[in-house]
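In my numbering, the protein residues as written are 8 to 294.
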Amino acid sequence: MTHKFSSGTAVVTGAGAGIGMGISRRLATLGMHVVVTDIDEMRAQAVVADIAGGGGSAEAIRVDVSQPAELDRLAETVIARHGSVRVLVNNAGVETMGYCWEISAERWEKTLDINIHGVVHGCRAFIPAMLKHGEEAWIANLASIGAFGSMPQQAPYIMSKHAVQSFSECLYIELEQVGAPIHVASVIPGMVKTSIFEATAGSDDPVDGQHHRQVMYDMAMAHGMDLDEGCAVIVDKIAANQFWADTQPGMTADSIDKRIAFLRDRAQPKIHAGAQAILNKAREAAL
8 MTHKFSSGTA
18 VVTGAGAGIG
28 MGISRRLATL
38 GMHVVVTDID
48 EMRAQAVVAD
58 IAGGGGSAEA
68 IRVDVSQPAE
78 LDRLAETVIA
88 RHGSVRVLVN
98 NAGVETMGYC
108 WEISAERWEK
118 TLDINIHGVV
128 HGCRAFIPAM
138 LKHGEEAWIA
148 NLASIGAFGS
158 MPQQAPYIMS
168 KHAVQSFSEC
178 LYIELEQVGA
188 PIHVASVIPG
198 MVKTSIFEAT
208 AGSDDPVDGQ
218 HHRQVMYDMA
228 MAHGMDLDEG
238 CAVIVDKIAA
248 NQFWADTQPG
258 MTADSIDKRI
268 AFLRDRAQPK
278 IHAGAQAILN
288 KAREAAL
């Protein structure tokens, strides 16, 4: 099915590292021209250079997805240059660690603006032109295995991914209702070796959150799926018009089964064994 991505233009947000970078490289390898966007233009340029070095076609544009006007300008720029966008991947996202009451208001707003509003306004900015163009197109929004559970000290990220999953479901139905030839995928990475848990400038995690972040990073590096392997799985599922573009279906099924049981039984929220193990390791690291 990936022959569908042998030409045309793709736009990937937050593509300067991690899954956005991996998806950009995969789409370029298949033959698409990839618009690599990131708030850090130097990182985006590095990905473009990597793609070009492998014989692919790409360009870099700096975009802050937390600003809807920048996504509007991105859509206008790309459509003016290339005429249409066949693949849109709303990938940009950040992790925020710590107890809810210890995270600053600024960090709360930044996380939700990037993780939720970046997806919403990315779709809002590009879909009208996709509809007008009238050709088959694909939108992939980055959710997470965390969209089906809960995790202490990761509330901003977890709640944002619940929101992205819900938004993508609604978007899928709306586009189907109007008969649009636009396919929607919810991308659900399980455990993949990415930089999402690396501390970034301005992350301002509380002390407990810093330890939690390090444990999550170490676990992903030790046990996560290879980045390029995971991104190849994701792109294959997007090309096959699958809504559930998950990297590890078994992990997805386990998380959803637990969620179903929680809702069916109207149970009290609790820390599951895996989450408790992570918290224990973080506490040990803090000592």
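Cβ atoms here follow ideal geometry from the backbone N, Cα and C, with glycine treated the same way. Predicted model only: the values in this text are computed from it and were never measured.
Residue i to residue j span [Cα, whole Å]
| i | j | result |
| --- | --- | --- |
| residue 251 | residue 194 | 6 angstroms |
| residue 278 | residue 160 | 11 angstroms |
| residue 15 | residue 180 | 25 angstroms |
| residue 261 | residue 255 | 10 angstroms |
| residue 143 | residue 253 | 22 angstroms |
| residue 56 | residue 32 | 11 angstroms |
| residue 124 | residue 75 | 8 angstroms |
| residue 137 | residue 258 | 33 angstroms |
| residue 182 | residue 188 | 8 angstroms |
| residue 275 | residue 269 | 8 angstroms |
| residue 147 | residue 191 | 6 angstroms |
| residue 196 | residue 234 | 10 angstroms |
| residue 296 | residue 41 | Only positions 8 to 294 of the chain appear in the structure, and residue 296 is not among them; the question remains open. |
| residue 84 | residue 67 | 12 angstroms |
| residue 163 | residue 126 | 15 angstroms |
| residue 103 | residue 172 | 19 angstroms |
| residue 133 | residue 151 | 23 angstroms |
| residue 82 | residue 263 | 35 angstroms |
| residue 27 | residue 95 | 11 angstroms |
| residue 38 | residue 232 | 24 angstroms |
| residue 98 | residue 272 | 34 angstroms |
| residue 70 | residue 118 | 16 angstroms |
| residue 93 | residue 154 | 26 angstroms |
| residue 80 | residue 129 | 11 angstroms |
| residue 199 | residue 238 | 9 angstroms |
| residue 62 | residue 22 | 18 angstroms |
| residue 20 | residue 113 | 22 angstroms |
| residue 73 | residue 121 | 5 angstroms |
| residue 8 | residue 176 | 23 angstroms |
| residue 140 | residue 108 | 46 angstroms |
| residue 115 | residue 166 | 11 angstroms |
| residue 87 | residue 169 | 34 angstroms |
| residue 77 | residue 249 | 29 angstroms |
Assigned secondary structure, residue i (DSSP; H/G/I helix, E/B strand, else coil)
| i | result |
| --- | --- |
| residue 278 | coil |
| residue 240 | helix |
| residue 127 | helix |
| residue 42 | strand |
| residue 106 | coil |
| residue 184 | helix |
| residue 143 | coil |
| residue 136 | helix |
| residue 153 | helix |
| residue 248 | coil |
| residue 159 | coil |
| residue 2 | Past the edges of the chain, shown from 8 to 294, lies residue 2, and the structure says nothing about it. |
| residue 172 | helix |
| residue 22 | coil |
| residue 166 | helix |
| residue 258 | helix |
According to DSSP, residues forming a beta bridge with residue i
| i | result |
| --- | --- |
| residue 79 | Bridge partners of residue 79: none, in fact. |
| residue 253 | 195 |
| residue 148 | 97 and 193 |
| residue 232 | 199 |
Residue interval of the alpha helix (DSSP H) (run including residue i)
| i | result |
| --- | --- |
| residue 31 | 25-37 |
| residue 118 | 112-119 |
| residue 92 | Where residue 92 is concerned, there is no enclosing alpha helix (DSSP H), given that its DSSP letter is neither H nor E. |
Segment limits, beta strand (DSSP E) that includes residue i
| i | result |
| --- | --- |
| residue 17 | 16-19 |
Neighbour flag for residue i against chain C, beta carbons, 9 angstroms
| i | result |
| --- | --- |
| residue 67 | Here chain C cannot be found, since the structure has a single protein chain. |
heavy atom of the ligand SAM below 8 angstroms from residue i C-beta
| i | result |
| --- | --- |
| residue 99 | With respect to the ligand SAM, the structure shown offers nothing to examine, as it has no ligands at all. |
* At what residue ranges does the region 45-72 contain a whole run of the beta strand (DSSP E), taking only runs of 3 or more? -> 64-69
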